[in-house]
Structures are given as C-alpha cells and as structure tokens.
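Just below is one structure, and these are the notes that go with it.
2 protein chains.
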Amino acid sequence: MSDMPTPSKDRLPLVEQCTQRLRRAVLDGTYPPETRLPSERTLSEQLGLNRVTVRSAMTHLVAGGLLEARVGSGYWVKDFRRFGGLDLLPVLVEFEDPVPLARDLLAIRRQLAAMVLEQVRAVADEAGSEFEKADRLYYLEDAIAHLATLVDEGATRAELADADLEVIARLVEITGSRALQLCFNPLARVVHDFPALRDALYAEPSKNLVAYKALLRWIQGATDADPAALLKAMAARDRATVTALERSQKRMSGRTSPKRPS
Amino acid sequence: MSDMPTPSKDRLPLVEQCTQRLRRAVLDGTYPPETRLPSERTLSEQLGLNRVTVRSAMTHLVAGGLLEARVGSGYWVKDFRRFGGLDLLPVLVEFEDPVPLARDLLAIRRQLAAMVLEQVRAVADEAGSEFEKADRLYYLEDAIAHLATLVDEGATRAELADADLEVIARLVEITGSRALQLCFNPLARVVHDFPALRDALYAEPSKNLVAYKALLRWIQGATDADPAALLKAMAARDRATVTALERSQKRMSGRTSPKRPS
DNA sequence: CAGCGCAAGTGGTCGGACCAATGTGAGCAC
DNA sequence: GTGCTCACATTGGTCCGACCACTTGCGCTG
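Below, the structure is given as structure tokens:
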C-alpha cells in the first residue's frame, strides 16, 4: 500500500492541488502584485496539467480576489492585502507568525460575539416569555447538549470544534441578522482550516462548555450571569488560547520555519 | 432592431452570467438545501452552454460554499445561511428587504472600526513622536486629501465610495493587523457591489470627510477629538444612511420587483 | 520619426472523449 | 419473500484539440 505509485484514494482533486500551489506562489511573493502570471498554456505545460484544469484553478483565485483576468493580456496579480478575504488566513499561516494572526482573529471574533450577545438579548426581550419555547432556542440547547456529550466522551479537538461551531451558528441564528450570519461563516471556516488554532482553542474544552452553559442561562433570563462577565471570560479564554498556541509553536520551532531565504 | 446578432461589447462573460443565474436559483429557493441540482450535462443543454462553461460556474458556487460536488452523485445544495460569505449580501438584496441587511452590515462595520481605532491608538502610542513621520500615516493623509478633492469637485458617489474605501484601507493598514485587513476587504467589496447602500452612504459626503479629518487629527495626537465621540458620530451617520436607504426604497417600491425574465 | 496595420499571444468558449466514483436495479442465492 | 451481489447507467473530474475575440507589440509604411 505504501509502495503504491498513485494512491488514488484520499487524494485532493488536481484542480485543488493546482489552486493551492498557485495561491501559495502569489502569497509568498513569487508573483508580486501588479505582475503578470505565466499564461494558461505555459502553466499547464509546466505543471503537467491540462489547460482546463489550470484554468479552473485560476478562476478560483480570480473569484478570491487574488488575480485579475484580462483577455488578450493575461492574469495579473492583485494585492491580497487589499482584496483578499479571511479564507486566506489559514494559508498565510505558512508564511507569517501564526500567533499574532490568531490573536487578532480571536479579537475580531470576540467583537462580533459582543454584537451577537447584544442582539440576542434584544430578541429575547422582544419575544418575552414565549421566547423560551421558541424553536431557535431549543436548537441552541440541543447544540450545547451535544457539545457536552462530546466533551464527556473525550472527543477529538476537531470534533469539538465542529460541535462548537454548531453552537455559534445557532446563536447567530437567534439574532436573526443575515449580515452577521454571513460575516461569521468565513470566520468559522478559518478556525476549521487553521489546525493549530483549532487545537489551541479546545485545549480545555470543559471551560468552553461552562461558558456556553452560562450564556444559555443568561438568554433564558437568569440573573447569575451577565454579558460583561461572559465577554470577560471569553477574553480570558482567548488569552489562554494564544498562550497555548505560542507554546505549541515554540515546541515546533526549528523545523517549521517558513522558507523565506531571501 | 439592432442588426448585430451578438453585441459582443459590454457583455458579461458567459461563465459569469451562468454563475449569477445559478446563484440566484439557489438563493431564492428554487433549489433548496439538501437537494440535488440537475447534472452538468443537463444544465449545459438547458442553458445552451458548453459543459465546461457550466462546470466553471458550478465550481464558483462550490468555492463560495453554496454547493457541494460529489462525484457520481451530483451537485448538492448547502444552506447558504450556514456556509455563505458576505459576498452573498449584494445578491441577497434582491430577495430580502435591503434595509435591515444594510443596518446590520453598518453595525458590523462600526464594531470593526472601533477595533481599528483601538489598534491605531496603540500603534501610535508605541511609535511615539516618530509616528507622525511614518510612511503609513502619510499615505492616510494622502487618501483623505484625495477624498477631499473629490468632494469639492462634486464627484459621483461611486467615485467617492472608492476614495473612501482607500481611506479605510490605509487606516486598517496602520493597525498592522493582517486578520483585520482580510476581514475588512470583503466588507468593503459589499459596499462596492451594493449600489443602493453605497449611494446612501455618500448622500452627504462632506460629513464623512469631516469625520475622517477629525480622526486624522486624533491619530496625530490632537486632543479635540476622542474615539468615543468619533464612534458616536459614526453611529449617527449610519443611522442617517439607513434612513436615506429606507426613503430610496420606499420611492422605488412598486417597481422594485426583481426582474426575472425567466 | 510618427502613425498604422497585421500577426502573435492571451483568455473565453466549444465539442467530444475517457476515467473513477457513485447509485440503482435486476437477478441470484437462500 | 428476503437479502445480497454485481453489472450498468449516471455523475463529476480530467484531458485533448480547436476556434473566437480581444490585446499587445512589433515591424512596416508614409
């Protein structure tokens, strides 16, 4: 099995491989902004792929804001710092120190979480006592219960992360804010695609769970928890996460140094 | 009328047309979540396009989180509320009331702006007096000056919006936070692709300019402006923007039914 | 030297072809 | 009748070769 020359299983589609390769080439400065990429035909020859495949990859990067396609002129590199989205972050980790990236990311998440709390409270107040029976609240309870089950069973951090995202999704759903929802989704994906951060986030899953349970009680009208305290606890957990990430990075240092000999 | 059978000019690429069409079909519920789309071959026949073209469009939607491709099974619709990004917002405006969308979007922007202010202040304090001469600050001044020129010249709102985004970009750049930068970019694009909101935002461009100038003075160390006041003013302007948007929507009501020539 | 025009190169679109993974149903064994 | 297997039709993934419209730049013409 290990001597298989072409392990057709669990292999990324060629388009995906090509996309990642080109994306990295753009992000690491191989192709700086305002320069032209080799033509589709040239690249397809260099990479040993069909032009259609290369083209599909290029299209992805265009959609992601990394490239601009000009008929008759070629593909031109745009400045990802000005046009890139959060989806670049997991890739960027390979070229920059992940610690500040993660710290800033968590800060953004916290800021948005504050908005969510605010909106949830407003919705809860408006709905009054009927709110407790609302389906959306029930789904939230359900998601938290599921997370609790996984914590008890000692699930992997990846599984915990998915369950956690489910909780957040339900929470955002309660706010009823479409914009907030669409803003959180890419953020959630980043955590999912950023393994080191994900693992650091769930180093102590029980603490996350405690916070969610307190949050749920608050939404239900309990007075033994208030949003300020919740956010403060979240900030503390985030700091611990960054510390954990720093440690894991230091542990791996020496071999993980990004290749930037220039 | 026109004898030209193919008005080759100013026509969107077929892939783009196909992408938009399919995206709308997903967003408006024609293809609900957890259902299967017609196969590539079927769609290419229905739409009169080549399979490669349809396929490219599908790939876009997969990348955007709207679809999932399963070999041998077909394309399956994912719930855009759970997997979509902010880039959907301008399209979503066609199916939902734009006012709450815009209001929530502005609130998010404001929240992130608060973070920017915080970070900028931190950077400025750290750099001390040398900061005033820093290139990044110079670029910010430059962008604001450019915006002022456009305001004086009575430029179109689209031009003003672009100049405004330039200012914001410079501001975010000063913070040095990659994550914040990548988080703001899609947000900026939304404003750019959301004409009604864009126009409402720059109904009174001079007011925006005043705010930016006060912001610049604050960064430079002046004491006649503080971040709390700046954010308060921003909130007031956002409220005015929403009001303007409401008015423009009311004015257009009765004719605003989305054009669906099927 | 200025201006023009043509050819090479580029992305965009097309048609057809084969492959591997999947889903389905007919047919078999029990 | 029930349950299983296996062949087959369907689907997305990849490849090939071709043509089109457009841009660019070089070289020719004046």
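Residue numbers (my numbering), protein chains in the order written: chain A, 1 to 262; chain B, 263 to 524.
Yeah, the Cβ is synthetic: ideal placement off N, Cα and C, and Gly gets one too.
Residue i vs residue j beta-carbon contact at 9 Å
i: L463 (chain B); j: V453 (chain B); result: yes
i: A107 (chain A); j: P227 (chain A); result: no
i: A458 (chain B); j: L507 (chain B); result: yes
i: L449 (chain B); j: R371 (chain B); result: yes
i: D455 (chain B); j: P352 (chain B); result: yes
i: V382 (chain B); j: L427 (chain B); result: no
i: L88 (chain A); j: L66 (chain A); result: yes
i: L86 (chain A); j: M58 (chain A); result: no
i: T35 (chain A); j: V77 (chain A); result: yes
i: D152 (chain A); j: F95 (chain A); result: no
i: R82 (chain A); j: A420 (chain B); result: no
i: V54 (chain A); j: E68 (chain A); result: no
i: A325 (chain B); j: G64 (chain A); result: yes
i: L147 (chain A); j: L209 (chain A); result: yes
i: Q249 (chain A); j: V99 (chain A); result: yes
i: P33 (chain A); j: D79 (chain A); result: yes
i: A203 (chain A); j: T149 (chain A); result: no
i: K469 (chain B); j: R499 (chain B); result: yes
Own chain, CB closer than 7 Å to residue i, minus 5 neighbours either side, in chain order
i: I144 (chain A); result: V167, Y212, K213, L216
i: T268 (chain B); result: Since pLDDT at T268 (chain B) reaches only 38, below the 50 mark, its modelled position is unreliable, and the value read off the structure follows with that caveat. Excluding positions up to five away in sequence, the list is empty.
i: A235 (chain A); result: R110
i: V277 (chain B); result: T315, S318, A319
i: P467 (chain B); result: V413, L422
i: R509 (chain B); result: none
i: A233 (chain A); result: A211
i: M263 (chain B); result: Confidence at M263 (chain B) is low in this model, with a pLDDT of 36, below 50, so the placement of that residue should be treated as unreliable; the coordinate-derived value is given next. Closer than 7 Å at Cβ, skipping near neighbours: no residue.
i: T175 (chain A); result: V116, Q119, V120, V123
i: R273 (chain B); result: none
i: S439 (chain B); result: Q381
i: D359 (chain B); result: none
i: L47 (chain A); result: C18, V54
Proximal residues to residue i (C-beta, below 6 Å), its chain only, five neighbours per side dropped
i: L117 (chain A); result: P227
i: Q279 (chain B); result: none
i: L299 (chain B); result: Y293, Y337
i: W480 (chain B); result: A487
i: A322 (chain B); result: Ala is not the amino acid found at residue 322 (chain B); the sequence shown has His there. Contacts found: T281.
i: L305 (chain B); result: V316
i: N447 (chain B); result: none
i: D199 (chain A); result: R157
i: R365 (chain B); result: V504
i: G416 (chain B); result: none
For residue i, the first and last residue of its enclosing alpha helix (DSSP H)
i: D142 (chain A); result: 135-153
i: L12 (chain A); result: From DSSP, L12 (chain A) is part of no alpha helix (DSSP H); its letter is neither H nor E.
i: Y474 (chain B); result: 467-481
i: F446 (chain B); result: 440-455
i: T525 (chain B); result: Only positions 263 to 524 of chain B appear in the structure, and residue 525 (chain B) is not among them; the question remains open.
i: D426 (chain B); result: 419-437
Beta-carbon contacts of residue i that lie in its chain and below 8 Å, excluding the five residues immediately before and after
i: L442 (chain B); result: L374, M377, V378, Q381, V434
i: L92 (chain A); result: L27, L101
i: L231 (chain A); result: R110, A113, A114, L117
i: Y139 (chain A); result: R170, E173
i: S73 (chain A); result: R36
i: E141 (chain A); result: L216
i: G346 (chain B); result: G326, G327, L328
i: R247 (chain B); result: Because chain B in this structure spans residues 263 to 524, residue 247 (chain B) falls outside the shown range and cannot be described.
4 or more residues per run - each alpha helix (DSSP H) lying fully within the region 276-357 of chain B: 276-289, 302-309, 313-325, 342-345, 351-354
Chain-ordered residues of the region 175-197 of chain A with a beta carbon less than 7 Å from chain B: S177, R178, A179, L180, Q181, L182, C183, N185, P186
The region 366-380 of chain B: positions lying closer than 8 Å to chain A by Cβ: D366, L367, A369, I370, Q373, L374, A376, M377
Members of the region 407-427 of chain B that neighbour chain A once the beta carbon cut-off is set at 8 Å: Result list empty, no residue passes.
Members of the region 212-236 of chain A near chain B, C-beta cut-off 8 Å: Against chain B - using a Cβ distance shorter than 8 Å - the region 212-236 of chain A contributes no residues.
Where the region 305-323 of chain B meets chain A: residues whose CB sits under 9 Å from a CB there: V314, R317, S318, T321, H322
Chain A contacts from the region 323-337 of chain B (Cβ-Cβ distance under 8 Å): A325, G326, G327
Members of the region 75-86 of chain A that neighbour chain B once the beta carbon cut-off is set at 7 Å: R81, R82, F83, G84, G85, L86
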